[in-house]
Amino acid sequence: MVPNEWTCSVLIDALCRKGKIEEARLFFQSLIQKGIKMNEVVYTSIMDGLSKTGKFSDAQDLMQKMVSEGLVPDVHLYSSLVDGLCREKKLSEAMLLLDDMMQNGVQANAVTYNHSNTILIDRLLREFGPEGPKKIFNKMVVEGIKPDVFTYTVFIRSYCQEGRMEDAESMIVQMIDHGVCPSFVTYNTLIKGYANLGQVNQAFASFKSMVDNGCKPNTETYTLLLRMLLNKNTLDNIADNALIIWNRADMDVLEGLMEEVVKRQCTQDTNIYDCFIRCLCRFDRFEEAKSFLIKMQRANLVPSMDVYTCMIECSCRRKLLKEALAFLDSMTKNGYLPHLGSYRLIICALCEEGSFHTAKQVFGGILSKGYNFDEIVGKILIDGLLQIGNTADCSGLLLLMEEQNCRPSAAMYARLPGEVTIASEIQEIAT
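Count the sequence shown with my numbering and you get residues 6 to 436, in order.
Encoded structure:
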């Protein structure tokens, strides 16, 4: 029984995906020797594997053999080879291969063309700046291929890195005119360009354009703006590091940034506070995070579930367990069902400080909220208390589950160590 082309293609592709390129090539050659004709799919699979392992001369030899047999390399094959050459920084060869593709009349569709060319353009921009790669960009436009947001963004980044902000702005206008919406990465790139030049007004103007065009600012956006304000007020050049930036900023700078972004957005927005609070909690600045949470609530904005979760995590790390319990209560009152991970942090912290009675009350409340009992045991008892070696309190909480007829499955019981289950049985008999 002779395998057909499809079967061969699947086997070769599977070998290549597992990195067994030499085995795939030997299998391929054995099929050729047996007189089995290979189609474009098989050739593409083996050449893609060769290019990904840096064996470009072998891949190109195979392409010539493919052509000699009357098969035409398609855009997927060219894209794979161009991609591999770019990753190996063989940019001249990638450019020649791209020219060869065009001369052979291989027409790229928008998705594939943008993928291979964006990689090539990105590499060329990093090596040589924007002028050379512009030729590829112009070819795309002439051929009626619409550059995508990634292609535009790599050019904008290159212009910003060179301080050519007028060219970067011109590219933004061009992409919008061609119906391509800038992404948050595009706008953050532009904001960073202005921030690095210390051009505060222009950076905030880019922020306003971002908002006006319906693109939601994210944590990186506010980090870039915060770094810019810090650099404006100090002789030091603050490193582009979120930990340093959010730790360095005092409340005056943070409130100043909040005032500026609210002014540009023309309204207070939940997303602004969410980003601020999550960043401050991430770096354990509990008091500042709580201050913004209070401001948020005074503005009649409802904190998201993520905000409450971050506040609980920060409270537990800082050993502020009364605060953590208060946030847990507020969270449930606002209709959120807390993650079991939040309960795990609180219960473990309470047990660690010797407040088992409170931990038991919190744990008892979980049992009536509709959580899966196996998940409760897995995430709170096994991944929580047992991880820190607290078998006694683990047994006590397991007993509480049994008393309230909230029994986990036999499989979950089997995951518990002997000392926990035995302790549970002893306490059950004693009662």
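Just so it is clear, CB atoms sit at the ideal spot from N, CA and C, and this is done for glycine as well. From a predicted model like this one, the values you see are computed outputs, not experimental measurements.
Give the secondary structure of residue i by DSSP, where H, G and I count as helix, E and B as strand, and everything else as coil.
| i | result |
| --- | --- |
| M43 | coil |
| A64 | helix |
| S429 | Because the pLDDT at S429 is just 49, under 50, the model does not fix this residue reliably, and the value given afterwards should be weighed accordingly. S429: helix per DSSP, three-state reduction. |
| C280 | helix |
| D18 | helix |
| G423 | helix |
| G24 | coil |
| D311 | helix |
| I371 | helix |
| G150 | Reading off the sequence shown, one finds Ile at residue 150, where the question assumed Gly. Coil. |
| V80 | helix |
| T436 | Unreliable positioning characterises T436 in this predicted model, as indicated by a pLDDT of 44, which lies under 50. A coordinate reading is not provided. |
| T58 | coil |
| G30 | The question names Gly, yet the displayed sequence has Arg at residue 30. Note: R30 maps to helix in three-state DSSP. |
| D289 | coil |
| L86 | helix |
| K94 | coil |
| N305 | coil |
| E74 | coil |
Within the same chain, show all residues whose beta-carbon is closer than 8 Å to that of residue i, passing over the 5 residues directly before and after it, in chain order.
| i | result |
| --- | --- |
| I3 | Because the chain here runs from 6 to 436, residue 3 falls outside it and cannot be looked at. |
| F61 | L55, L86, G89, L90, E93, K95 and E98 |
| S414 | F378 and D379 |
| T158 | P187, S188, V190, T191 and T194 |
| L230 | I196, A200, A208, F209, F212, L262, E265 and V266 |
| L298 | Y278, I282, P308, V312 and M316 |
| G369 | L405 and Q409 |
| G59 | G89 and E93 |
Please list, in chain order, all residues of the same chain as residue i whose beta carbon is under 6 Å from its beta carbon, the five residues on each side excluded.
| i | result |
| --- | --- |
| R287 | none |
| S320 | E328 and A329 |
| M310 | Y341 |
| A247 | T228 |
| M336 | Y313 and P343 |
| F32 | none |
| Q270 | V216 |
| N395 | C356 |
Using a Cβ-Cβ cut-off of 7 Å (strictly less than) and excluding sequence neighbours within five positions of residue i, which residues of its own chain qualify?
| i | result |
| --- | --- |
| M417 | D379, V382 and G383 |
| E265 | F209 |
| R420 | I387 |
| L350 | I317, E318 and C321 |
| A4 | Coverage of the chain is limited to positions 6 through 436, which leaves residue 4 absent and any answer about it impossible. |
| L234 | V258, G261 and L262 |
| L36 | C13 and M43 |
| M68 | M52 and P78 |
| V363 | Checking the sequence, you will find Thr at residue 363 rather than Val. For T363, where only same-chain residues beyond five positions count, the Cβ hits under 7 Å are L355. |
| I371 | Y348 and I381 |
| Q273 | V267, A304 and L306 |
| M301 | Y278 and P308 |
| M5 | Any question about residue 5 goes unanswered here, given that the chain covers just 6 to 436. |
Verify the CB distance criterion: does residue i have a CB-CB separation below 8 Å to chain D?
| i | result |
| --- | --- |
| D182 | This model lacks chain D altogether, as it is built from one protein chain only. |
- Hey, which unbroken runs of the alpha helix (DSSP H) at 4 residues or more fall wholly within the stretch 384-415? Within the stretch 384-415, the complete alpha helix (DSSP H) runs of at least 4 residues fall at 396-408.
- Unbroken stretches of the alpha helix (DSSP H), 4 residues or longer, contained in the stretch 208-278: You should have 224-237, 247-253 and 256-270.
- Query: Unbroken alpha helix (DSSP H) runs of length 4 or more, entirely within the stretch 160-207: which are they?
  - Reply: Within the stretch 160-207, the complete alpha helix (DSSP H) segments at least 4 residues long are 170-182 and 189-201, listed from N- to C-terminus.
- Message: I'd like to know if the stretch 237-246 and the stretch 208-223 are in contact, where contact means that at least 3 CB-CB pairs between them fall below 8 Å.
- Response: Cβ pair count under 8 Å is below three, so no.
- Message: Extract the residue ranges of the alpha helix (DSSP H) inside the stretch 320-379, only unbroken runs of 4 or more that lie entirely within it.
- Response: Counting whole runs of 4 or more residues, the stretch 320-379 contains the alpha helix (DSSP H) stretches 326-338, 345-357 and 361-371.
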